[in-house]
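Right, one structure below, let's go through it.
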Amino acid sequence: MIRQGRQRGGFPSDQGCRKKKPFEMRTTHFLITRGWLPGLVSLALGSAGPLTKAAPAQEIRREPLILKEGGTAEKPAVFDGKGLIIDLGIDVTDHDWIKSGDLWTSRGPFPDHPPVADTQRAALFIAEVPVRTMRDREAERQSGVPGKVIFLAPANLEPGQLTHTPDGSVCFRWPDGKAPGAARIFLPPPGLASGVSIVCSYLTVRNVTAKHAANDGFNIHGARLGIRLENVKAFSNGDEGISAHETVQMDVVGAEVAWNGSSAGGIADVNDSVTTYMNCEIHHNLGAAFYFDGKYHRVTDCLIHHQDRDFSIRGDTMVEKSGIEWRRDPGPGAPR
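Just so we're aligned: 155 in the working numbering is position 162 of the sequence shown, and the numbers increase by one with no gaps anywhere.
Structure (structure tokens):
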């Protein structure tokens, strides 16, 4: 999710924001300028009926999925992944780590992975668990240099935290519940690619899992109408699992969003977005389950567990909630 100033807007007149007829809206162009990889997938809409394109069953792709062409309000396009997994993770388990108990350090920086000062996103995953980059904010203040970045000293890391040494090496402490060396270690890809990017309107996406993206699992930007996610899963992404921006209108049904590394939330909808979530399961995200700084959002019959917070709602954002079960298990950021 890219942080931007939110535009102000009133409460939508139709409450549920289900548009029975298409309406005109100024197009917002969104260009993905980083992290493009070969093999991008797009949809093409046929001349009759709702088009359904299905990926091979249980396919695992190592490249982002960009859905570029949708349908109409009367005939939306459908992409059914049939269990498609978008996994962008880079397995670095077999790297020659310098091991000191639960504190492991790489031998120099990984290719195309320079130290990143942005602490909003997770920069590493231990199995499914996101590992957050830590900076020494007190040392930065005492330096008196505006914008100076000082990473936390390795000795001060807590379980599930990461820092960088002066030569750019990655240094992390194994998270609670993961014995050192007993789980796979993954980097997200270079750049800021999302697992699934939707850059069209009137599209339903079904049965797709997005994991280990550097940015969001499912990312939607622009003036997109009629977006619907059904039975999707967003696991272990650097930023949010699902994130809607600008004036996106989107419904999400039956999603599972877990182990995402954003400090905002597992789900984060911002700007003037209008979204609904129904029958979703949200758990083990580093931020809140839901972060809303958009226009209007509705959450119905959702299960939240292993989260420190259920909702983070900013400003005058309008949120309707009903039928929510929050099992107040300790979340991944709970005090130890």
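Every residue gets a Cβ at the ideal spot worked out from N, C-alpha and C, and that includes glycine.
For residue i, which residues in the same chain have their Cβ closer than 6 Å to its Cβ, ignoring the five residues on either side in sequence?
i: lysine 171; result: Ile119
i: valine 34; result: The predicted model places valine 34 with a pLDDT of 36, which falls under 50 and marks its position as unreliable; any figure quoted below should be read in that light. Here the set comprises Leu58.
i: aspartate 232; result: Met(-6), Arg114, Asn208, Asp209, Ser255
i: phenylalanine 228; result: Lys204, Ala251, Trp252
i: alanine 110; result: Val142
i: glycine 82; result: Phe179, His205
i: threonine 202; result: Ile78, Lys226
i: threonine 65; result: Tyr195
i: valine 241; result: Ile213, Arg217, Ser266
i: valine 85; result: Ile178, Leu180
i: alanine 37; result: For alanine 37, the predicted structure reports a pLDDT of 34, less than 50, and the residue's modelled location is therefore unreliable. A value from the coordinates is still provided. Here the set comprises Glu62.
Figure out for me which residue from the options has the closest Cα to the Cα of residue i.
i: proline 123; options: Arg114, Asp129, Glu131; result: Arg114
i: lysine 68; options: Ser93, Val267, Thr197, Glu52; result: Thr197
i: alanine 148; options: Trp97, Leu185, His106; result: Trp97
i: cysteine 273; options: Lys226, Val142, Ile306; result: Lys226
i: isoleucine 178; options: Val250, Cys164, Ala261, Val241; result: Cys164
i: tyrosine 195; options: Gly219, Glu318, Asn253, Leu150; result: Gly219
i: aspartate 303; options: Lys288, His277, Ala66; result: His277
i: histidine 214; options: Ile235, Glu239, Phe283, Met271; result: Glu239
i: glycine 153; options: Glu121, Glu133, Arg130, Arg125; result: Arg125
i: serine 405; options: Val71, Glu121, Arg199, Asp286; result: Because residue 405 is not part of the residues shown, which for the chain are -6 to 329, the question remains open.
i: isoleucine 260; options: Ile275, Val246, Met271, Gly247; result: Ile275
i: glycine 316; options: Arg130, Val189, Pro102, Leu296; result: Leu296
i: valine 189; options: Pro173, Asn212, Ala175, Ala176; result: Asn212
i: aspartate 294; options: Arg221, Trp319, Arg55, Ser136; result: Trp319
i: alanine 175; options: Arg130, Leu222, Glu121; result: Glu121
i: glycine 101; options: Leu185, Thr112, Asp89; result: Asp89
Please classify residue i as buried or exposed, where buried requires at least 16 other C-beta atoms within 10 Å of its C-beta.
i: aspartate 244; result: buried
i: valine 138; result: exposed
i: lysine 75; result: exposed
i: asparagine 230; result: buried
i: isoleucine 79; result: buried
i: isoleucine 91; result: exposed
i: serine 266; result: buried
i: threonine 269; result: buried
i: isoleucine 53; result: exposed
i: aspartate 87; result: exposed
i: proline 181; result: buried
i: glutamine 51; result: exposed
i: arginine 217; result: buried
i: arginine 130; result: exposed
i: glycine 63; result: buried
Ignore the nearest five residues each way along the sequence and tell me which others in residue i's own chain have a CB closer than 7 Å to its CB.
i: lysine 314; result: Val292
i: glycine 258; result: Glu233, Asn278, Gly280, Ala281, Ala282, Phe283, Tyr284, Ser305
i: aspartate 322; result: His298, His299
i: alanine 132; result: Ile143
i: aspartate 309; result: none
i: arginine 55; result: Asp80, Leu81
When DSSP builds the beta bridges, which residues end up paired with residue i?
i: isoleucine 275; result: Val250, Ile297
i: valine 123; result: According to the sequence shown, residue 123 is proline rather than valine. Paired residue(s): Phe118.
i: leucine 77; result: Val201
i: alanine 261; result: Tyr284
i: valine 138; result: According to DSSP, valine 138 bridges with nothing at all.
i: lysine 92; result: Trp97
i: threonine 156; result: Cys164
i: histidine 106; result: Phe103
i: aspartate 84; result: Phe179
i: arginine 244; result: The amino acid at residue 244 is misidentified as arginine; the sequence shows aspartate. Beta-bridge pairing links aspartate 244 to Arg221, Thr269.
i: histidine 290; result: Thr268, Val312
i: alanine 237; result: Ile213
i: lysine 226; result: Thr202, Glu249
i: arginine 54; result: Ile79
i: arginine 130; result: Its beta-bridge partners do not exist; DSSP assigns none.
i: serine 305; result: Tyr284
For residue i and residue j, which I take to be in contact (beta-carbon distance under 8 Å), what is that distance rounded to the nearest angstrom?
i: histidine 106; j: proline 183; result: 6 Å
i: serine 99; j: serine 162; result: 5 Å
i: phenylalanine 144; j: proline 104; result: With a Cβ gap of about 20 Å, phenylalanine 144 and proline 104 do not count as contacting.
i: lysine 61; j: valine 192; result: 5 Å
i: threonine 156; j: leucine 150; result: 6 Å
i: aspartate 73; j: asparagine 200; result: 6 Å
i: valine 246; j: methionine 271; result: 5 Å
Leaving aside the five residues before and after residue i along the sequence, list all residues of the same chain whose C-beta is less than 8 Å from its C-beta, in chain order.
i: asparagine 224; result: Arg199, Asn200, Val246, Gly247, Ala248
i: serine 136; result: Ile143
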